[in-house]
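What follows is a set of notes on a single structure, which appears directly below.
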Amino acid sequence: MLASRSTASWSSAGGAGGTIDRAAPVPSGAGAVFRFPVFRACRLPAPSGRCGRRGRSGRCGRRGRCGRSGPGVSGVGRRGPVWQARRMEQRVLGRTGRPVSVVGLGTWQLGADWGVVLEDDALAVLDAAADAGVTFFDTADVYGDGRSEQLIGRFLKARQGEGLMVATKLGRRLPQLPDNYTLANFREWTDRSRRNLGVDRLDLVQLHCPPTAVYSSDEVFDALDTLVEEGRTAAYGVSVETCAEALTAIARPGVASVQIILNPFRLKPLDEVLPAAEKAGVGIIARVPLASGLLSGKYTKDTLFGTDDHRTYNRDGSAFDQGETFSGVDFATGVEAAQEFARFAPPGATSAQTALRWIIQQPGVTTVIPGARNPEQARANAEATAFPALPPQTLQAIRDLYDRRFRAQVHSRW
1 MLASRSTASW
11 SSAGGAGGTI
21 DRAAPVPSGA
31 GAVFRFPVFR
41 ACRLPAPSGR
51 CGRRGRSGRC
61 GRRGRCGRSG
71 PGVSGVGRRG
81 PVWQARRMEQ
91 RVLGRTGRPV
101 SVVGLGTWQL
111 GADWGVVLED
121 DALAVLDAAA
131 DAGVTFFDTA
141 DVYGDGRSEQ
151 LIGRFLKARQ
161 GEGLMVATKL
171 GRRLPQLPDN
181 YTLANFREWT
191 DRSRRNLGVD
201 RLDLVQLHCP
211 PTAVYSSDEV
221 FDALDTLVEE
231 GRTAAYGVSV
241 ETCAEALTAI
251 ARPGVASVQI
261 ILNPFRLKPL
271 DEVLPAAEKA
281 GVGIIARVPL
291 ASGLLSGKYT
301 KDTLFGTDDH
311 RTYNRDGSAF
321 DQGETFSGVD
331 FATGVEAAQE
341 FARFAPPGAT
351 SAQTALRWII
361 QQPGVTTVIP
371 GARNPEQARA
381 NAEATAFPAL
391 PPQTLQAIRD
401 LYDRRFRAQV
411 HSRW
């Protein structure tokens, strides 16, 4: 999706102010902070019974999704009550030069591997996230075999001009062999993603946790450069399993961003990866921020998940890297640690919001991408930005918890 022209106020670490044209080059570096207004679709009530959001043709195009609204109707439809426009802090995503919301939305759960999510429910989650100020959405071509991308494509079509950015991933449609990471396959996969998303050019495409040898292949990164030159994608990045892979990728001049697991149960990226990325101007996308839900504090040792949920079938890493499920920690230990972590929550915040707040205040982090299975979760995740930074004593308590519970278990593995 191409960037739309709009202006927004911004401030830097030095307190400078002004306006930027989103179609023009934007300031880069860790000091630039942006606050873009997120405009509401469907400003209800609309006197004609149509959605109040009017596009170029004079109609919204969302008929049937917003619910009818006319005189005397309070603006409640599929999307629920209409709220005031929300603002969220924006940070430049590394070498893409694009500002994105500090809390994004991961959409693995909308495609597959987290149990069944109905289509209307998935679209409601996307809408709720955008309404709450989220402008960055992460997906992959294998999530639901393209279902996640297709749902996002429908969502984008209905919300054109809102400055949304979508990152997708490629590389998992064939067996995980370095020889499969070729320009021909990249072209095929990016063309499929462009069709699914309904865009001419992808905003950001990421290698999807490829074999470690791929990170040392000049041919692979030359092929990614070619995708940019051909206009198939505006930028490329990597999604990694290990800190060593992240450091190798950061040294590549064309890599715009690195996606890595980071949460209070996985602290190793703080040691070297985040400082290296910040120095190189590479964006950091923090994934698995709630340790597959453990950090919500809602699970007990007796909690069961569906047979089609990776939290059931991948606890031992038999389907894909074990670190993607509960961040690689033992479930029972994770439940106990989550109960302890809950005591660190500031007044009014949930455990999940506390974990997200912790992540976004780490130097070098650009955005965090929690998933959400319903609109309430999407809104609650976005609201994590409303809480003040956690104090030093809480940060130290979280590190102490990690050292006691998890360092020996996970620090050397990833």
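Going by the UniProt record's numbering, the first residue of the sequence shown is number 1, and it counts up by one from there. Here a beta-carbon is modelled for each residue, glycine too, at the ideal position from N, C-alpha and C. From a predicted model like this one, the values you see are computed outputs, not experimental measurements.
Across which residues does DSSP place residue i in a beta bridge pair?
i, result
"Arg-159", "Answer is none; Arg-159 lacks a bridge partner."
"Val-100", "Arg-91"
"Gln-259", "Ser-239, Ile-285"
"Leu-105", "Phe-137"
"Val-368", "Val-103, Ala-286"
"Thr-233", "Leu-202"
In angstroms, rounded to a whole number, what distance separates the CA positions of residue i and residue j?
i, j, result
"Ala-345", "Asn-185", "46 Å"
"Leu-111", "Gly-371", "Note that residue 111 corresponds to Gly in the displayed sequence, not to Leu. Looking at the two C-alpha atoms, the distance is approximately 11 Å."
"Asp-321", "Arg-287", "14 Å"
"Gln-362", "Ala-277", "12 Å"
"Pro-253", "Asp-218", "11 Å"
"Gln-377", "Ala-132", "11 Å"
"Gly-317", "Asp-121", "29 Å"
"Gly-283", "Phe-331", "30 Å"
"Ala-280", "Ala-244", "16 Å"
"Val-365", "Ala-223", "27 Å"
"Val-117", "Arg-154", "16 Å"
"Arg-373", "Ala-382", "14 Å"
"Ile-359", "Gln-206", "21 Å"
"Ala-380", "Ala-213", "39 Å"
"Arg-86", "Ala-355", "21 Å"
Is residue i close to chain C? Criterion is C-beta to C-beta, closer than 9 Å.
i, result
"Lys-279", "Of the protein chains in this structure there is only one, and it is not chain C."
Is DSSP giving residue i helix, strand or coil here?
i, result
"Lys-279", "helix"
"Lys-268", "helix"
"Asp-120", "helix"
"Thr-354", "helix"
"Thr-385", "helix"
"Thr-414", "Checking the displayed sequence, the identity of residue 414 turns out to be Trp instead of Thr. Correct three-state label for Trp-414: coil."
"Thr-212", "helix"
"Asp-179", "helix"
"Ala-349", "coil"
"Phe-320", "coil"
"Gln-409", "helix"
"Ala-251", "coil"
"Asp-127", "helix"
"Asp-218", "helix"
Using the Cβ count rule (16 or more neighbours within 10 Å means buried), how would you classify residue i?
i, result
"Thr-385", "buried"
"Pro-289", "buried"
"Lys-301", "exposed"
"residue 441", "Only positions 1 to 414 of the chain appear in this structure, which leaves residue 441 out of reach."
"Gly-144", "buried"
"Asp-127", "buried"
"Glu-169", "The sequence as given places Lys at residue 169; Glu does not occur at that position. The residue in question, Lys-169, is buried, as its Cβ has 16 or more Cβ neighbours within 10 Å."
"Lys-268", "buried"
Starting from residue i, trace the alpha helix (DSSP H) both ways and give me its first and last residue.
i, result
"Ala-140", "Run containing Ala-140: none; DSSP gives neither H nor E here."
"Arg-315", "Segment: none, Arg-315 is in no alpha helix (DSSP H) and carries neither H nor E."
"Asp-400", "392-405"
"Ser-296", "Here Ser-296 belongs to no alpha helix (DSSP H), and DSSP marks it neither H nor E."
"Gly-334", "331-341"
"Leu-197", "183-197"
Considering residue i, what are the terminal residues of the beta strand (DSSP E) in which it resides?
i, result
"Ala-167", "165-170"
"Gln-206", "204-208"
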